[in-house]
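Protein chains in written order, with this note's numbering: chain A, 1 to 113; chain B, 1001 to 1111.
Ideal Cβ placement from N, Cα and C applies to all residues, glycine included.
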């Protein structure tokens, strides 16, 4: 059981470039989400999905797109990178409903220059 | 909108002292509360999950309490060790199923 995996671990982009952060889980979890973590601000929800084919916006969705074509995968796309998107990105998953433990991936550290 | 606050932001204690970390949240309509540990440059490790119907949860030297009506949770770490040095994050799942995080308490245990 690999749990939640994320690739890449580190990435440097130039302003205006686009890229996709990959996230996969092998626990058959319905709920998946993306967070960004910035110093002193805790983790903030970017986008989430309650199941394949269903996505919704979180607290800070601007500049990011997501899709959920399978239960296992939930990629996060940066459309046109900006320095304000320099952050650490975490993907998480859990079973459906609100009562279950959330599992996190190891994170992707992104720098936009 | 759920707001989660953790006080203090940082804490330094000598080895062997008990740690008390506080978490408060504004909306008491929650499903559960989860405590995480994060080491520098690493991901989040789940420590304890307390369901909204529970008052406390224990794992080894860790004990977490939940007072949903007052919007508070406390994480106790007994007999602290240098290996307990990390940032501890509190997060709540609200009725909209979203997880809201506090900014964390950074703990340093001095040998």
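The region 1005-1022 of chain B makes no contact with the region 46-58 of chain A: fewer than 3 CB pairs, one atom from each, lie closer than 8 Å. Counting other Cβ atoms within 10 Å of its Cβ, residue 20 of chain A stays below 16 and is therefore classed as exposed. In this structure, B/1036 is the residue among B/1082, B/1036, B/1108, B/1015 with its C-alpha nearest to the C-alpha of residue 1092 of chain B. By the Cβ neighbour-count rule, residue 1095 of chain B is exposed, with fewer than 16 other Cβ atoms within 10 Å of its own. Note: residue 1030 of chain B is bridge-paired with B/1094 in the DSSP secondary-structure output. Partner residues in the beta bridge of residue 94 of chain A, as assigned by DSSP, are A/31.
The Cβ-Cβ distance between residue 1086 of chain B and residue 1058 of chain B does not fall below 9 Å.
For residue 79 of chain A, the CB contacts under 8 Å within the same chain, skipping 5 residues up- and downstream, are 18, 63, 64, 65 in chain order. Below the 7 Å Cβ cutoff, chain B contributes 1034, 1046, 1049 as neighbours of residue 101 of chain A, in chain order. CA-to-CA, the gap between residue 1051 of chain B and residue 16 of chain A works out to about 43 Å. DSSP places residue 1039 of chain B outside both helix and strand once states are collapsed to three, so it counts as coil. DSSP places residue 102 of chain A in no beta strand (DSSP E); its state is neither H nor E.
Its chain contains 1050, 1063, 1064, 1065, 1066 as the residues whose beta carbon lies nearer than 8 Å to that of residue 1056 of chain B, once the 5 sequence neighbours on both sides are disregarded; these appear in chain order. For residue 95 of chain A, the CB contacts under 6 Å within the same chain, skipping 5 residues up- and downstream, are 29 in chain order. In this structure residue 1021 of chain B is in contact with residue 1074 of chain B, their Cβ atoms being roughly 7 Å apart against a cut-off of 8 Å. Excluding the 5 residues flanking it on each side, residue 1002 of chain B has same chain C-beta neighbours closer than 7 Å at 1025, 1026, 1027, 1092, 1094, 1100, in chain order.
Residues of chain B whose Cβ lies closer than 9 Å to the Cβ of residue 53 of chain A do not exist; the shortest such Cβ separation is about 17 Å.
In this structure, the alpha-carbon of residue 59 of chain A lies about 6 Å from that of residue 44 of chain A. At least one C-beta of chain A is nearer than 9 Å to the C-beta of residue 1102 of chain B.
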